[in-house]
Amino acid sequence: MLDQLLRIFSGTHHLTSTGEAFSEMWRLVDGMIQTASAAYWGSHLTPEERKALQETDNAVNELQRRIRKEVITHLSAAQAGDAPYGLLLMSLVKDAERLGDYAKNLAEVHGMCDRGAGDLPHGEFRDELRRISDFVERLSRESPQAYATADAATARRLSQEGKQMSRDCDALIRRVAASDCGAALAVDMVLATRYYKRIVGHLLNLLSSVLMPLHKLDYIDRDPSSR
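According to this note's numbering, the stretch in the sequence shown is residues 22 to 248, in order.
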């Protein structure tokens, strides 16, 4: 299905401009994720940076509304055969929009927990969280290309890595909860880990469109023969 959708996007079909809007939406969201992760590991966002992040999120939301409108308008007059592609795109833009929200949440953790300009204390928890954040930044960068080229091999590899990383996030949260970390530090790391996990989840939802039929979108089977 994704192959056909991409052919629609690259041709003279009425949804071609809609596909371009979705690509722009994903580009903006990736930028938000990279900015938010850098903010978590660095210093507080300046007022100007916070404003820019919010403006980018507003642009993402506007693109979502535009895409929804264009899809609905197209499907109201299109042939029935286009309906699955419209439904697919409506699902994809929702995941992209949620990525923007979680990026904003992640960017706010540093200031919310009043960590100041200092970094997280060195130790095993910091090292594990850094490994998670590095993966999420890479997943965010590589996923759009796998989607744009319908690269099933890369999408499956990233999805398998992402599912393992989600389990690692849960394990880190349990370890922090059972530790003697101070409350502020524990909340800081748990919030960041949770937001990183949710970002992974929505990126995997987007990648599932490369691997799965519409009725299994957001669910990636281990056995391709069960599609």
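The C-beta atom is built at its ideal place from N, Cα and C for all residues, glycine as well.
Since this is a predicted model, take the numbers as computed values, not measurements.
Alpha carbon of residue i to alpha carbon of residue j, nearest angstrom
i      : j      : result
Val92  : Ser38  : 11 Å
Leu108 : Ala198 : 40 Å
Lys218 : Cys190 : 6 Å
Ala138 : Gln85  : Residue placement at Ala138 is flagged as unreliable, the pLDDT there being 45, under the threshold of 50; the coordinate-derived value follows with that caveat. Taking the straight line from one Cα to the other gives about 35 Å.
Leu127 : Glu158 : 13 Å
Gly203 : Leu141 : 12 Å
Ser164 : Trp47  : 10 Å
Ala169 : Glu149 : 31 Å
Leu49  : Glu76  : 11 Å
Val114 : Ala124 : 15 Å
Tyr216 : Gly63  : 17 Å
Phe146 : Lys90  : 45 Å
Gly144 : Arg151 : 11 Å
Ala73  : Thr67  : 10 Å
Close beta carbons around residue i, own chain, < 8 Å, minus the five adjacent residues each side
i      : result
Asp122 : Asp78
Glu70  : Thr56 and Ala60
Ser180 : Leu225, Leu228, Ser229, Leu232 and Ile241
Ser97  : none
Ser200 : Phe146 and Ala207
N-terminal and C-terminal residue of the alpha helix (DSSP H) that residue i is part of
i      : result
Cys190 : Ala173 to Ala198
Leu228 : Ala204 to Leu232
Pro142 : Looking at the DSSP string, Pro142 is not in any alpha helix (DSSP H), and its letter there is neither H nor E.
Proximal residues to residue i (C-beta, below 6 Å), its chain only, five neighbours per side dropped
i      : result
Ser161 : Asp51 and Ile54
Asp116 : His223, Asn226 and Leu227
Gln166 : none
Val211 : Ile194 and Val197
Leu110 : Val92
Ser58  : Ser154 and Glu158
Cutoff 7 Å; reference residue i; Cβ partners in own chain excluding five residues on either side
i      : result
Glu118 : Val81, Asn82 and Gln85
His12  : The chain is shown only over 22 to 248; residue 12 falls outside these bounds and no answer can be derived.
Val221 : Val157, Leu160, Gly183, Met186 and Ser187
Phe87  : Looking at the sequence itself, residue 87 is Arg, so the reference to Phe does not match. These residues qualify, in order along the chain: Ala42.
Ala176 : Ala167, Leu228, Val231 and Leu232
Glu45  : Leu84
C-beta neighbour in chain C for residue i, strict 8 Å
i      : result
Ala205 : The structure shown contains no chain C; it holds only a single protein chain.
Residue i classed as buried or exposed, judged by whether at least 16 other C-beta atoms fall within 10 angstroms
i      : result
Ala42  : buried
Ala205 : exposed
Thr214 : buried
Ala192 : exposed
Ala174 : exposed
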